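Enquirer: Dumping the structure here so I can ask a few things about it.
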């Protein structure tokens with residue numbers, strides 16, 4: 005297992021094709037040429053799949069009383085009747101995007117996990133194909149868990165009502181969902197329904213559906229999931245979407261949401277991915293699916309644990325509304341190397 009002293013300082017990495025913004029991703033130094041090639045490919049894919057942040061502040065990143073609002077967005081004051089609401093949330097900070105190539109450094113020759121940073125989980129649950137299963141199914145950092153719990157606590161303080169909970173099967177989403185419910189004091193009330201139809205764009209996964217943890221593994225790890233739930237889109241069906249276009253991706257997420265809405269009553273919490281906040285709501289409010297480039301622009305503005313909300317109108321349509329709770333915002337905190345103090 006490589007030594008933790010091989011951790012490097014954050015570096016700029018830019019995706020070779022369509023990455024329009026530079027990212028800073030702390031990563032581990034790799035010694036062999038093959039490992040370097042694998043790590044570079046993984047980092048490129050990380051930036052393409054879900055952007056972490058934007059390296060320079062934007063005007064709309066700052067607090068402003070007069071911040072711009074879409075014409076489709078309604079204020080809380082415009083919805084006093086508390087109509088049916090859907091809350092759609094992105095997962096929290098993930099280990100792989102925070103630490104880069106982490107698996108070779110955190111598992112010994114017997115596949116025992118050892119964390120190398122306080123922001124890494126103290127322990128990981130048992131799963132098949134460990135540690136390889138974590139490659140495309142990253143856990144959250146401790147900060148990620150805290151982001152989710154803060155969001156849940158904020159929803160509780162705002163008296164937000166939740167009647168049903170659905171979640172992408174990705175482990176980072178399951179963790180986010182449970183921590184959010186913990187903040188809401190609802191962790192033991194709801195059996196979370198895992199819905200593969202809510203997963204992100206399959207074009208990012210040319211090898212097929214990631215090797216998610218099974219329902220039995222999640223139950224053994226004390227995650228309160230609904231083992232009897234039959235998803236609208238199965239893993240097998242999702243595997244057929246590997247070559248889906250951007251429009252087909254929008255349609256898949258939207259149709260999944262429509263079926264969830266039609267088979268439930270009351271408010272719904274959905275925990276999934278950065279794209280989900282747009283792909284699930286775009287057609288619901290009567291807009292057309294975005295192009296690939298437009299989607300990339302949008303997801304750069306959807307940080308960890310972003311929470312979107314849509315509300316049902318009297319005519320049966322839906323509109324985007326401002327969520328009751330505040331967003332969670334914080335700065336980067338790059339890795340500290342103690343030996344910088346020894347420099348002469």
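In the numbering used here, the protein residues as written are 5 to 348.
Cβ coordinates follow ideal geometry from the N, Cα and C atoms, glycine included.
Owing to the predicted nature of the structure, the values given are computational and were not obtained by experimental measurement.
Suppose the cutoff is 8 Å on Cβ atoms and the five residues either side in sequence are ignored; what does the same chain contact list for residue 248 look like?
Expert: 205, 206, 207 and 256
Enquirer: Counting only the same chain and skipping the five closest in sequence on each side, list residues whose C-beta sits under 7 Å from that of residue 97.
Expert: 144, 145, 147, 148, 151 and 308
Enquirer: With a threshold of 8 Å between beta carbons, is residue 170 in contact with chain D?
Expert: Chain labels in this structure do not include chain D; a single protein chain is all it has.
Enquirer: By Cβ distance, which residues of its chain are closer than 6 Å to residue 230, with the 5 residues on each side in sequence left out?
Expert: 195 and 197
Enquirer: Can you check whether the CB of residue 200 is closer than 8 Å to the CB of residue 250?
Expert: no
Enquirer: Could you pull the start and end residues of the beta strand (DSSP E) that residue 91 belongs to?
Expert: 89–94
Enquirer: Between the Cα of residue 165 and the Cα atoms of 265, 333, 262 and 90, which residue gives the shortest distance?
Expert: 90
Enquirer: Excluding sequence positions up to five away, which residues of its chain have a Cβ less than 8 Å from the Cβ of residue 224?
Expert: 129 and 130
Enquirer: With residue 312 and residue 92 assumed to form a contact (beta carbons below 8 Å), what rounded beta-carbon distance in angstroms separates them?
Expert: The beta-carbon distance between residue 312 and residue 92, rounded to whole angstroms, is 5 Å. This is short enough to meet the 8 Å contact definition.
Enquirer: What do you reckon, are the CB atoms on residue 282 and residue 314 nearer than 8 Å?
Expert: no
Enquirer: Using the beta-carbon count (16 or more within 10 Å), is residue 132 buried or exposed?
Expert: exposed
Enquirer: Would you report the Cα separation of residue 177 and residue 343, rounded to the nearest angstrom?
Expert: 36 Å
Enquirer: Does residue 342 come out as helix, strand or coil in the three-state DSSP assignment?
Expert: If DSSP states are grouped into helix, strand and coil, residue 342 belongs with the helices.
Enquirer: Since residue 181 contacts residue 275 with CB under 8 Å, what's their CB separation in whole angstroms?
Expert: 4 Å
Enquirer: Do you know how far the Cα of residue 101 is from the Cα of residue 340?
Expert: 17 Å
Enquirer: Taking residue 332 as the reference, give the member of 310, 122, 338 and 323 with the closest Cα.
Expert: 310
Enquirer: By DSSP's criteria, residue 165 is part of a beta bridge. Which residues make up the other side?
Expert: Beta-bridge pairing links residue 165 to no other residue.
Enquirer: Identify whether residue 207 lies in helix, strand or coil by the three-state DSSP scheme.
Expert: helix
Enquirer: Would you mind sorting residue 140 into buried or exposed? The rule is 16 or more other CB atoms within 10 Å of its CB.
Expert: Residue 140 is classed as buried because its beta carbon has at least 16 other beta carbons within 10 Å across all chains shown.
Enquirer: Cα separation between residue 347 and residue 337?
Expert: 21 Å
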